[in-house]
Each structure stands twice: as C-alpha cells, then as structure tokens.
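First comes the structure, then the notes that go with it.
2 protein chains.
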Amino acid sequence: MTLDDRKARVLRAVVEEYIETGLPVGSRIIAKRYRLGVSPATIRNEMADLEDTGYLDKPHTSSGRVPSDRGYRFYVDELMPAKRLTADESRAIESLFRTKMRDVVSFLREAVRLVSDTSNYLGFVLGPDSESVTFRSIHLLPASSDKALLVLITDIGFVETCLIEMRDVSNEELKAISEILSRNLTGVTMDRVADRAYSLLREETSRYAMIVEQVVEFLQGVTMSDSERLYVGSPVNLLNLPEFRDVERLKGVISAIETNGIIQTLLTKYQDETNPTIRIGAENEAESIRDISMVYGTFSAGRTEGKIGILGPKRMDYSKAVAIVSTFEDKLTGYFSKGR
Amino acid sequence: MTLDDRKARVLRAVVEEYIETGLPVGSRIIAKRYRLGVSPATIRNEMADLEDTGYLDKPHTSSGRVPSDRGYRFYVDELMPAKRLTADESRAIESLFRTKMRDVVSFLREAVRLVSDTSNYLGFVLGPDSESVTFRSIHLLPASSDKALLVLITDIGFVETCLIEMRDVSNEELKAISEILSRNLTGVTMDRVADRAYSLLREETSRYAMIVEQVVEFLQGVTMSDSERLYVGSPVNLLNLPEFRDVERLKGVISAIETNGIIQTLLTKYQDETNPTIRIGAENEAESIRDISMVYGTFSAGRTEGKIGILGPKRMDYSKAVAIVSTFEDKLTGYFSKGR
DNA sequence: ATTAGCACTCTCACAAGTAGAGTGCTAAAG
DNA sequence: CTTTAGCACTCTACTTGTGAGAGTGCTAAT
Chain L
1 MTLDDRKARV
11 LRAVVEEYIE
21 TGLPVGSRII
31 AKRYRLGVSP
41 ATIRNEMADL
51 EDTGYLDKPH
61 TSSGRVPSDR
71 GYRFYVDELM
81 PAKRLTADES
91 RAIESLFRTK
101 MRDVVSFLRE
111 AVRLVSDTSN
121 YLGFVLGPDS
131 ESVTFRSIHL
141 LPASSDKALL
151 VLITDIGFVE
161 TCLIEMRDVS
171 NEELKAISEI
181 LSRNLTGVTM
191 DRVADRAYSL
201 LREETSRYAM
211 IVEQVVEFLQ
221 GVTMSDSERL
231 YVGSPVNLLN
241 LPEFRDVERL
251 KGVISAIETN
261 GIIQTLLTKY
271 QDETNPTIRI
281 GAENEAESIR
291 DISMVYGTFS
301 AGRTEGKIGI
311 LGPKRMDYSK
321 AVAIVSTFED
331 KLTGYFSKGR
Chain A
1001 MTLDDRKARV
1011 LRAVVEEYIE
1021 TGLPVGSRII
1031 AKRYRLGVSP
1041 ATIRNEMADL
1051 EDTGYLDKPH
1061 TSSGRVPSDR
1071 GYRFYVDELM
1081 PAKRLTADES
1091 RAIESLFRTK
1101 MRDVVSFLRE
1111 AVRLVSDTSN
1121 YLGFVLGPDS
1131 ESVTFRSIHL
1141 LPASSDKALL
1151 VLITDIGFVE
1161 TCLIEMRDVS
1171 NEELKAISEI
1181 LSRNLTGVTM
1191 DRVADRAYSL
1201 LREETSRYAM
1211 IVEQVVEFLQ
1221 GVTMSDSERL
1231 YVGSPVNLLN
1241 LPEFRDVERL
1251 KGVISAIETN
1261 GIIQTLLTKY
1271 QDETNPTIRI
1281 GAENEAESIR
1291 DISMVYGTFS
1301 AGRTEGKIGI
1311 LGPKRMDYSK
1321 AVAIVSTFED
1331 KLTGYFSKGR
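Top to bottom, those sequences are chains L and A.
Per the working numbering, the first sequence runs over residues 1 to 340.
Per the working numbering, the second sequence runs over residues 1001 to 1340.
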C-alpha cells in the first residue's frame, strides 16, 4: 500500500521528530518545524487518516502521535534519506581497520565496541558458523613438562587454543601428531573435524590415547560453541535512553542477549534479505525484544559469512544505523578477504 | 572501640534484617523477629545510642535505622557469622574446576560468570600483572602464504596469539626465529620481554625487519594491556536489586568498571590486607563506586598473583560473599599451581 | 479542500489530606 | 538504676483534587 505525497511527508515528519525527541508529536510542532505549507488543522486530518490506516499510534486519547511498527516500516522502506557518516566517524573506523590487531577475536571485539560507540546503541557481531569455516592446521606445542598447547587455525584466521595434559610424550611425537592432523584435515569444515580427527587417530590408541581424547574433545567443543560466536557491546549506551529508564525493559533485553540462541536464531532465520536488514519491534519474534529494533548486515569471511549489527530502541536513528552497518559490512568483508 | 553485648546484638540484628529486606528497620521488627528478650522501647534506646556513636543512620527523622559504613564495618569485623556454601553451590564450583578448559582466559571468564551467578552480584577477576609473569616460549606458525601466527605462552599458561604479515619467509626461517626468541627469553618477565626481543633480533634487520617489527610491537601490546586483565561478569544481577532501580547509579558503576584502571588501582593499592578483603562504601575511594561494596581475595599463579572478587550493594550478604571468594581463592591457586 | 475556532480530553505537576510506621520522651514499674 | 508502657510527634507514602498545558476532533467559514 502506498500513501499520497502529503501523507508521506507528514508521516516522515512525525517519525523524524519522534526519533529526535522521543515525545509524542502534535500537529502544531509539525506545522511549525517542517515547512509543509499547511496549517495544523490539515495536518491533524492527515494524522487521523494515518492513524486509521495503522501508520501512527496514539498513546492516549489526546496526545500527539507516535509511529507504529508499520509507520517505521514505511519510513525505512520509502521515506528515509540516506545518511553519511561524519568525517570523525569515518576516521575512527578507518583507524580501527588500519590498526594491526592481535587476532580475529580481539578484532571483532573492538569492532563491536566501535559500532556501539558511533551508534550510541548496542553493537554486536555474529561470527561465522562452524559449518562453513574450514580447518587449516593444528599445532601441538610443548608448554611445560606435562602440558602441551594445542593451537587450531581456521581458513579465515580464527585461532583457538587449549591446554592439553600429557605424560611422557616427546616434542617430536607432538609434532608428528600435529602433522598427521594438519595434513589430513585441511579443508574439512569445522563441524565435521572432530569426527574425522577421531577416526584418524583411533589407531594410535595406547600411547597417545590421552592426547587423542583431549584433542577430539576440544574440537567438539569448538564446533558446538555457538554461544561464543556472538559478541555484544556494553549496554551503557542504552541506559541513557528514556525508553530504558524502566529497568525491567533493560533486563529483558540483556537476558535475551545472554539467553543463548535467541539473537542467533533471529539473525539466521531469514535468508533472502536486503542488506542491511532492518527489523522493527514485533518483527523480532522473540518476546523479550519485541519492542526494540535491530539493524544488521552480512559480511563475508572466506567461504562463509557473519553478521554485524546494532540493537536499539524502535525510535532509532535508522538512517545512521544503516550507514554504520553498511560501512562495517564492507570493511569487514575486505578485512577477511585480504586475510586469505 | 567496642560495644557492649546487647548493643552488638542489636546492631547485628539491624544489619542482618536490612541486608535481607532492604528496608529501614524499626525497633518493633527487631523485638519481634530477633529474640533479644527486651521490649521495643529498650531497643529504641540502644539504637539511639548506636546512632550517636555512628553505627547506624536514619534516612529521615522518623523511620527505621539503616547501617552506616561504620556499622557494616563493625559487623563484618566482629559480628558476622561464617557461612558455608550450599551443597549445590559447592557442586557447581567443583564441576567448573573439574571441567577441562580450553585456555586460561576462557577459564577465568567462566569463573567470573560462576562467581556472579552464585553470589547474585557482579563477579570479577583481575589477572596477574605483567611484571611477575614470565615468558616461556614463542612460536611462529605458518598460517597462510603471507601470514604467520605468533603464539606466546607464559609460565602460568596464559596464551596470546597474533597474526603477522610477512613476505617470502620459509617455514624453516620462521622456526629459526621462534627458536632464537624462545631460547633467549625464557624466564624473562613480560614487562621486559619486548625490549629484549628487540635487541636480540636487531641484527637480523634486512630480511626479517618486517617480522621483527611486528613481533616487538605485539610484545609491547601484551605488556601494556592492563585493560585486558580485568574480567567482569554481566551486570544483570544488579538490575534486580532495589538500590539500582535508579538507572543513574547503575550507570555510575558500569562506567567505573569500563573506565580503565579505576578498579585495578583500588585492588592493588593496599597490600597488607586480610583475605578476603572487604571494602565497604566510601572505603572505595573512587567517586563512582563510593556507595557500593567489594569483597575480594588473592589467588597465586606461579610467582605472581591475581584477584577475584564480587561487587555489590553495601547491603550485601557479606558472609556469603566471603564464602564464595574464599572458595575461589583456594581453587584458583590450586588450579594455577597444578598447571606449572 | 483548507483552515480558524472552540469545546473537549487527557496528562502532568503540584498541593492538601490521611494512614501508618517509627521515633523520643516521660513516668511508672521492676 | 534499668526496663517498659504509653503517648504525642514526625515523616513518608499514598490518595485525592485541582489547574495548566498540550493536543485532538468537529464544525463552520473561507
């Protein structure tokens, strides 16, 4: 369904005013601040129509209007202007991507922090899933007399480490095991690597049983840990928003994030989406976040992909959020493709 | 200064009642719930005395009493009963320490989470500092055609990794560099390792300049990153407490934590302390956390030590907090000594 | 089709009044 | 001399009431 030109302009004005102030907006303000060339009364009529058709809501009988989920949806689909990042913001992002980062995980953590800071909402990154990340190599390094450090490297540069206990295994033997694994597992996707490793090493039972068992256990752990794939920023920014003055609401959001899988499911449920994707209010099916919005996009990392995005109130500066997410999509894709 | 027996009993009753309910406590309740064998009127007199001597406060002229910082202090020093962990809690902790953990950092993260969960406050761990952790070995592993993975292992099993760019360096050369470093740096404390590495590798200029530079830069980074030494749990638990219904307060605490160094400084400022240490309200000098309390203790890790503790409201269940912290001190010390 | 005017509605902020909890003091009892 | 009962007093939290302000919807005029 579409709207005639003036209705669209009124809707846009209401949404933008509300995003800015957070207060229900009345016809007077619209007439004064947004030069539509008509009187408050006319705007009132338009707003009444917009309310009938479900684009606006009224908190109570006689107060200004507030955009409904549908109103926001129409706004982001049809009315929203494209925003660009400020020079400062671009510079900050550039500098993150220029900085040499220790490892992929720290890098993603920093990215999340930066997304949070520039958006003033809550940034997050969902790392690539284990079905499409592949094994590159494994190394067993002597770490002390009775411990070895297992280092796993994936094709996109993710590194996982793990301390393994052992008894009477020489450095040469460690290296031999590493090489068997590395040679035979390269290119195998991470979700199948544990099984493969097990069948590869089964023969070596007696002597290396202890090591084998730990290696396999570790690889299983790496595969399963969906939980660790989601990196979320600090919720401080949300505390500044009037919609989260009510602690209960904030609690809902935080526990949704901490409850494993809620966000992950939402992010991966729908495949054919625009980029960045905007999901408004109840469009997020999960109960606890049905009154907040997400803007997120996909970056590719090798054969696979991850998501980066922003969680914020429905009254979010969508335009800016889109600008930020788009920028990060590109930069991250670049970062990971360079890494190969 | 000491208190006569009955005053002490009244103080104890007030503190415990207040810890439980969070409401100012009146003479009536004390007389009814705590069998002191005297009437409310007598208790009123005692409470008036306790107020005069600074152990109790009155929020306003005519309401129950609330413990002052001094009251809490006397309580924890003299009156507090020793609490033991419940069977469930002990079991949860045992099981964490029995689980094979990937690496030290993940392990500490899990520990923090568990401390938060069992205390229902906010757990944290401060890792060992770089002045007393020593270098064990370094490994440069081929990670792709133009990248190597640098793996650093310290004496207490901390592992840091970093991707390094390179051009035309063979695996053998990588190994040679690793061995030079490992052989010469073992036992050097981490705060001096970067300098040493630099002077060691200075000669190899032309060919390996690029690698050397990155290695040194990384080592410097590892040393400096005090920030990364503090692991803090999720603040959700705090949201459930009535004292944090006011969002401003919560914001203060969170930004204190995120502002680098505030907590660290406080934890390392005083040396000769009881274990666990309890720091109540204004005893934490930092402005932003002067109305919350900390209970923390020290665990040793090799030659050095770290801190583990709990952040909560002044109205904290100190007895339980102490039990939790003590348990973790022991377990962590055990964990790290076994690791050597 | 648009707008001015106006009655109406609803919230918010402030004031006043009340119930309840708790105190401090005094005087009597132990 | 210590303890306790009794009572007036104080302060908060809650309820009720009122007025201002913002905004609407409707009607009639342009």
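For each residue, glycine too, the CB sits at the ideal point set by N, CA and C.
Is residue i close to chain L, meaning its C-beta is less than 7 Å from at least one C-beta of that chain?
i, result
"valine 1236 of chain A", "yes"
"valine 1188 of chain A", "no"
"leucine 1230 of chain A", "no"
"threonine 1118 of chain A", "no"
"threonine 1274 of chain A", "no"
"histidine 1139 of chain A", "yes"
"leucine 1149 of chain A", "yes"
Counting only beta-carbon separations shorter than 7 Å, does residue i have a partner in chain A?
i, result
"valine 247 of chain L", "yes"
"valine 216 of chain L", "no"
"lysine 251 of chain L", "yes"
"isoleucine 153 of chain L", "yes"
"threonine 161 of chain L", "yes"
"serine 239 of chain L", "Checking the sequence, you will find leucine at residue 239 of chain L rather than serine. Interface residue, yes."
"glycine 157 of chain L", "yes"
"isoleucine 262 of chain L", "no"
"isoleucine 254 of chain L", "yes"
"alanine 143 of chain L", "yes"
Return yes when the Cβ of residue j is within less than 7 Å of the Cβ of residue i, no when it is not.
i, j, result
"isoleucine 153 of chain L", "arginine 167 of chain L", "no"
"serine 132 of chain L", "arginine 290 of chain L", "no"
"valine 295 of chain L", "proline 313 of chain L", "no"
"threonine 1134 of chain A", "glycine 1187 of chain A", "yes"
"leucine 267 of chain L", "leucine 108 of chain L", "no"
"leucine 181 of chain L", "isoleucine 138 of chain L", "yes"
"valine 15 of chain L", "tyrosine 75 of chain L", "yes"
"serine 1178 of chain A", "leucine 1238 of chain A", "no"
"tyrosine 18 of chain L", "proline 81 of chain L", "no"
"alanine 8 of chain L", "tyrosine 34 of chain L", "no"
"lysine 1083 of chain A", "lysine 1331 of chain A", "no"
"arginine 1157 of chain A", "valine 1112 of chain A", "Checking the sequence, you will find glycine at residue 1157 of chain A rather than arginine. Cβ distance not < 7 Å, so glycine 1157 of chain A and valine 1112 of chain A don't count as in contact."
"glycine 252 of chain L", "serine 288 of chain L", "yes"
"valine 247 of chain L", "arginine 1245 of chain A", "yes"
"leucine 1219 of chain A", "valine 1193 of chain A", "yes"
"glycine 954 of chain A", "proline 1128 of chain A", "Since the displayed chain A opens at 1001 and closes at 1340, residue 954 of chain A lies outside it and no answer follows."
"valine 1151 of chain A", "valine 236 of chain L", "no"
My guess is that residue i and residue j are in contact by the Cβ rule of under 8 Å, so how many angstroms apart are they, rounded?
i, j, result
"serine 1300 of chain A", "threonine 1333 of chain A", "5 Å"
"serine 263 of chain L", "isoleucine 257 of chain L", "Just to set this straight, residue 263 of chain L is isoleucine in the shown sequence, not serine. Their Cβ separation, rounded to whole angstroms, is 6 Å, which keeps isoleucine 263 of chain L and isoleucine 257 of chain L in contact under 8 Å."
"leucine 85 of chain L", "alanine 323 of chain L", "5 Å"
"aspartate 1057 of chain A", "arginine 1065 of chain A", "7 Å"
"aspartate 69 of chain L", "alanine 282 of chain L", "6 Å"
"threonine 1223 of chain A", "serine 1130 of chain A", "5 Å"
"leucine 311 of chain L", "tyrosine 121 of chain L", "6 Å"
"tyrosine 231 of chain L", "phenylalanine 124 of chain L", "6 Å"
What are the residues of the segment 1095 to 1108 of chain A that lie near chain L, defined by any Cβ-Cβ distance shorter than 7 Å?
So the close ones are Lys1100, Arg1102, Asp1103.
Residues in the segment 1277 to 1300 of chain A with C-beta within 8 Å of chain L's C-beta atoms, listed in sequence order?
For the segment 1277 to 1300 of chain A, no residue has a beta-carbon sitting nearer than 8 Å to a beta-carbon of chain L.
When Cβ atoms are compared, which residues of the segment 1162 to 1175 of chain A fall closer than 7 Å to chain L?
Within the segment 1162 to 1175 of chain A, the residues whose Cβ lies closer than 7 Å to some Cβ of chain L are Cys1162, Leu1163, listed in chain order.
With 8 Å as the C-beta to C-beta threshold (strictly closer), list the residues of the segment 79 to 90 of chain L near chain A in chain order.
For the segment 79 to 90 of chain L, which is checked against every Cβ of chain A, not one residue is closer than 8 Å.
Give the list of continuous beta strand (DSSP E) stretches no shorter than 3 residues that lie fully inside the segment 250 to 323 of chain L.
List check, beta strand (DSSP E) in window: 277 to 279, 292 to 301, 304 to 313.
Going along the chain, which residues of the segment 1312 to 1331 of chain A sit with their C-beta nearer than 9 Å to a C-beta in chain L?
Within the segment 1312 to 1331 of chain A, no residue has a Cβ lying closer than 9 Å to any Cβ of chain L.
Inside the segment 1177 to 1202 of chain A only - alpha helix (DSSP H) runs reaching at least 4 residues:
Within the segment 1177 to 1202 of chain A, the runs of alpha helix (DSSP H) at least 4 residues long that lie entirely inside it are, in chain order, 1190 to 1201.
Which whole runs of the beta strand (DSSP E) in the segment 53 to 126 of chain L are 3 residues long or more, in chain order?
If only uninterrupted beta strand (DSSP E) runs of at least 3 residues are considered, those enclosed by the segment 53 to 126 of chain L are 122 to 126.
Unbroken stretches of the beta strand (DSSP E), 3 residues or longer, contained in the segment 139 to 173 of chain L:
Within the segment 139 to 173 of chain L, the runs of beta strand (DSSP E) at least 3 residues long that lie entirely inside it are, in chain order, 147 to 154, 159 to 165.
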